[in-house]
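Enquirer:
There are 2 protein chains.
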Amino acid sequence: MQTTSNLIHLVPGSPSWPEELRTIEAPPESLWARGRLELLGERPRIAIVGSRAPTPYGESQAARFATVLASAGVTVVSGMARGIDAAAHRFALREGGRTIAVLGNGVDRPWPAGELAETLAREGLLLSEFQPGEPPRPHHFPLRNRVISGLCEGVVVIEAAHASGSLITARWAADQGREVWALPGRVDHPMSRGTHRLIREGATLVESPEEVLAELGIVAPVAARTTRAAVTSAASHVLLGTLQGETLGAEELALRLDRSLPQVLTELVELELAGEVVRAPGGLYRLARA
Amino acid sequence: MQTTSNLIHLVPGSPSWPEELRTIEAPPESLWARGRLELLGERPRIAIVGSRAPTPYGESQAARFATVLASAGVTVVSGMARGIDAAAHRFALREGGRTIAVLGNGVDRPWPAGELAETLAREGLLLSEFQPGEPPRPHHFPLRNRVISGLCEGVVVIEAAHASGSLITARWAADQGREVWALPGRVDHPMSRGTHRLIREGATLVESPEEVLAELGIVAPVAARTTRAAVTSAASHVLLGTLQGETLGAEELALRLDRSLPQVLTELVELELAGEVVRAPGGLYRLARA
């Protein structure tokens, strides 16, 4: 660890070196840091990335995810670009400064320069594998993205055009075995193209920051709880009673209940949707909670 | 085939009986029809279903999907409910009346009654497994949904609340081996809950009716064409040249090109996103079009 004014130079083996960078392909040889170095010792970390030209919807979702994650003790990592990245940093700063910006240039001359960069250098952390004095170069940014994803448990992509830097971060994340979450949006806006593409390619569709927290084990799964809240009709209660301790086919159920097969199939579909009944192999049904 | 005034009664074996109903569990014993019976002889058929209380976004998407599908010769099937169903029928009617409404009551007393039902009985087709005179009953509608999906190659769900009839139709479709497409939307609107749920459960995220047509083999795949349109840099062209006729790892490529490993990995990620390079087992890369 070597310090130049308020810059800190980290190499693998330094006490503050992020361990998770050991597990990625082509890790940086060293990192320059400026700000609260102790943030590197705190876990978990989640990246929030997205378009430089987001919609108001995207920007407000970035603010929502950053606020909820940072206030739950998650460090928000991003690239300090305008738009989604900047919103993520700003709202995480409000929750105790739990945020790291990974740059494509020297941490002594953050780009874009301005109030956000200065606040991050004071209350958060600026990090870069590029030497102090190094200007931002186009080919630095895709490289930088592998450090953003490499530092984190997962990456949330808020809005992204069809081919964009955020998709590169998501691809790095997938390669590195990190979770990739993508926020859907309206199909009539080009800023949804990239996140929809990610979802089609296997990313997890995410609707709320609570789902990310649940995946990190910080709170109970939200989606599952909502599903279980569905109500069941009186007729369905009789069917559920019949399935108590048994695994039965629809025809057998129709016989026992003296109902038509279509009627029983309809109830089974509804109970399956409500999370009350699960399908067993061979067209059989049983209670979800035996 | 038995006719009561302008009602037609179909049973399995009737010339107009829809063959695809033979492949579903608990098919209807008979169907009553009113309108242009010849529509039952035309394929393919796609269901468009969704909320009774859609957003303007959902309604305009229903109109868009119905218009494009019907004008390409696809028969649009739905349930004639207010909202998404009604919009789908209305816009398919404008494209030559290529639309079928499957009812939860007798075709002689369509519900909801009104101008749309009368136009469908004249220019499209009303269909029901329930006897003439039968009123709409709540338990008819989930049953009716299995006929909507059963008649079709696939179901497009436009907007749906978290637990709703459209999800039942989608579940029937999946059980019947039909394709399920779901349109995403903003996460801050409850009408997106149902379609997002479907996508998480394995439905295909759909952004445009052209994707449905592509899946039906009616036009060339759109998404693939867009992907291939991505541009590649000069440096990438050199990398692509090196991969000509070979399958190589990133380290070998870095050696041959005299570039850094992170730089080569970055280019490979970008070329993979652009659909130019594919990954082979063992961390190797080859050209997508050898």
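Protein chains in written order, with numbering that gives the first Met the number 0: chain A, 0 to 289; chain B, 0 to 289. Backbone N, C-alpha and C define an ideal beta-carbon position, used for all residues, glycine too.
#1: By DSSP, does Leu20 (chain B) sit in helix, in strand, or in coil?
#2: Which residues in chain B sit within 7 Å of Glu206 (chain A), going by Cβ to Cβ distance?
#3: Give a yes or no on whether the minimum CB-CB distance between Arg170 (chain B) and chain A is below 8 Å.
#4: Got a sec? Which residues, its chain only, sit under 7 Å from Ala202 (chain A) by beta carbon, not counting five neighbours each side?
#5: Judging by CA-CA distance, which residue of B:Val211, B:Glu209, B:Arg196 is the nearest neighbour of Leu204 (chain A)?
#6: Using three-state DSSP, classify Trp31 (chain A) as helix, strand or coil.
#7: How many angstroms separate the CA atom of Glu293 (chain B) from the CA atom of Ile157 (chain A)?
#8: By the three-class DSSP mapping on this structure, what secondary structure does Ser163 (chain A) have?
#9: Does any residue of chain D have a CB that is nearer than 8 Å to the CB of Val268 (chain B)?
#10: How is the alpha helix (DSSP H) around Val268 (chain A) delimited, first residue to last?
#11: Within the same chain, show all residues whose beta-carbon is closer than 7 Å to that of Leu133 (chain B), passing over the 5 residues directly before and after it, in chain order.
#12: Going by beta-carbon coordinates alone, are Ala120 (chain B) and Gly34 (chain B) separated by less than 8 Å?
#13: Contact defined as beta carbons within less than 8 Å: I believe Ile83 (chain B) pairs with Glu58 (chain B). What is the distance between those atoms, to the nearest angstrom?
#14: Taking 8 Å as the limit between beta carbons, can you name the residues of its chain near Leu212 (chain B), skipping five residues before and five after?
#15: Does Glu114 (chain B) pass the burial test, meaning 16 or more other C-beta atoms within 10 Å, or should it be called exposed?
#16: Under 8 Å, Cβ to Cβ, is there at least one residue of chain A near Glu209 (chain B)?
#17: Given that a residue counts as buried once 16 or more other Cβ atoms are within 10 Å of its Cβ, and exposed if not, what is Thr22 (chain A)?
#18: If you follow the beta strand (DSSP E) that Thr246 (chain A) is part of, which residue opens it and which one closes it?
#19: For Gln60 (chain A), return the contacting residues in chain B, with the cut-off set at a CB-CB distance below 8 Å.
#20: In angstroms with no decimal places, state the Cα-to-Cα distance between Arg285 (chain A) and Arg192 (chain B).
#21: Do Glu24 (chain B) and Leu150 (chain B) come within 8 Å of each other at the CB atom, strictly closer than that value?
#22: Ends of the alpha helix (DSSP H) at His139 (chain B)?
#23: Which ranges does the beta strand (DSSP E) cover as unbroken runs of at least 3 residues, wholly within the stretch 73-127 of chain B, from first to last along the chain?
#24: With a threshold of 8 Å, are at least 3 pairs of Cβ atoms found where one atom belongs to the stretch 233-242 of chain A and the other to the stretch 268-282 of chain A?
#25: What residues in the stretch 270-281 of chain B have a beta carbon less than 8 Å from any beta carbon of chain A?
#26: Whole angstroms are fine: how far does the CA of Glu210 (chain A) sit from the CA of Ser127 (chain B)?
#27: Leu182 (chain B) versus chain A: which residues are under 8 Å apart at the beta carbon?
#28: Chain B beta carbons: is any one of them nearer than 8 Å to that of Thr265 (chain A)?
#29: Where does Arg199 (chain B) fall in DSSP's three states?
#30: Could you tell me which chain B residues have their CB closer than 7 Å to the CB of Arg199 (chain A), listed as they occur along the chain?
#31: So Val211 (chain B) is in the beta strand (DSSP E); what residue range does that whole segment cover?
#32: Assuming Arg288 (chain A) is part of the alpha helix (DSSP H), what are its boundary residues?
#33: By a C-beta neighbour count over all protein chains shown, 10 Å radius and 16 as the cutoff for buried, is Pro111 (chain A) buried or exposed?
#34: Between B:Arg97, B:Leu125, B:Thr98, which lies nearest to Asp107 (chain B) when the distance is taken from Cα to Cα?
#35: Could you tell me whether any Cβ in chain B is nearer than 8 Å to the Cβ of Ile167 (chain A)?
#36: Tell me, please, whether the CB atom of Pro11 (chain A) is closer than 8 Å to any CB atom in chain B?
Expert: Looking at the coordinates:
#1: Correct three-state label for Leu20 (chain B): helix.
#2: For the C-beta of Glu206 (chain A), the chain B residues within less than 7 Å are, from N- to C-terminus, Val186, His195.
#3: Cβ-Cβ to chain A under 8 Å: yes for Arg170 (chain B).
#4: Ala169, Val179, Trp180, Ala181, listed in sequence order.
#5: Residue B:Arg196 is the option with its Cα nearest to Leu204 (chain A).
#6: Shown here, Trp31 (chain A) sits in a strand according to DSSP, grouped into three states.
#7: Outside the modelled stretch of chain B, which goes from 0 to 289, sits residue 293 (chain B), for which no answer is possible.
#8: It is coil, neither helix nor strand.
#9: Among the protein chains of the structure shown, namely A and B, there is no chain D.
#10: Here the alpha helix (DSSP H) through Val268 (chain A) covers 260-272.
#11: Just to set this straight, residue 133 (chain B) is Glu in the shown sequence, not Leu. For Glu133 (chain B), same chain residues with a beta-carbon under 7 Å away, outside a window of 5 residues either side, are Asn104, Gly105 in chain order.
#12: Yes, they are a contact pair.
#13: Yes, they are in contact, since the Cβ atoms of Ile83 (chain B) and Glu58 (chain B) sit about 7 Å apart, within 8 Å.
#14: Taken in chain order, the residues that qualify are Val67, Leu68, Ala71, Val73, Val218.
#15: It is exposed - the Cβ of Glu114 (chain B) has fewer than 16 other Cβ atoms within 10 Å.
#16: Residue contact with chain A for Glu209 (chain B): absent (no Cβ-Cβ distance below 8 Å to any residue of chain A).
#17: By the neighbour-count rule (16 or more Cβ atoms within 10 Å), Thr22 (chain A) is not buried but exposed.
#18: Premise fails: Thr246 (chain A) is in no beta strand (DSSP E) and is neither H nor E.
#19: By Cβ distance, chain B contributes Val186, Asp187.
#20: Rounded to whole angstroms, Arg285 (chain A) to Arg192 (chain B) spans 26 Å at the Cα level.
#21: Contact check for Leu150 (chain B) against Glu24 (chain B) fails: the beta carbons are separated by 8 Å or more.
#22: 139-149 is the extent of the alpha helix (DSSP H) around His139 (chain B).
#23: As far as the stretch 73-127 of chain B is concerned, its whole beta strand (DSSP E) runs of at least 3 residues are 74-77, 98-101, 124-127.
#24: Judged by pairs of C-beta atoms under 8 Å, the stretch 233-242 of chain A touches the stretch 268-282 of chain A, as three or more such pairs exist.
#25: Going along the stretch 270-281 of chain B in chain order, one finds Glu271, Leu272, Ala273 with a Cβ nearer than 8 Å to chain A.
#26: Cα-Cα distance, rounded: 42 Å.
#27: Within chain A, the residues near Leu182 (chain B) are Val186.
#28: For Thr265 (chain A), the answer is yes, since a Cβ of chain B falls inside 8 Å of its Cβ.
#29: If DSSP states are grouped into helix, strand and coil, Arg199 (chain B) belongs with the helices.
#30: What Arg199 (chain A) touches in chain B, judged by beta-carbon distance under 7 Å, is Leu204, going in chain order.
#31: Where Val211 (chain B) is concerned, there is no enclosing beta strand (DSSP E), although the alpha helix (DSSP H) it sits in stretches over 208-214.
#32: Counting along the chain, Arg288 (chain A) sits inside no alpha helix (DSSP H), nor does DSSP assign it H or E at all.
#33: Result: exposed.
#34: For Asp107 (chain B), the closest C-alpha among the options B:Arg97, B:Leu125, B:Thr98 is that of B:Leu125.
#35: So yes, Ile167 (chain A) belongs to the interface.
#36: Taking 8 Å as the CB threshold, Pro11 (chain A) stays off the interface with chain B.
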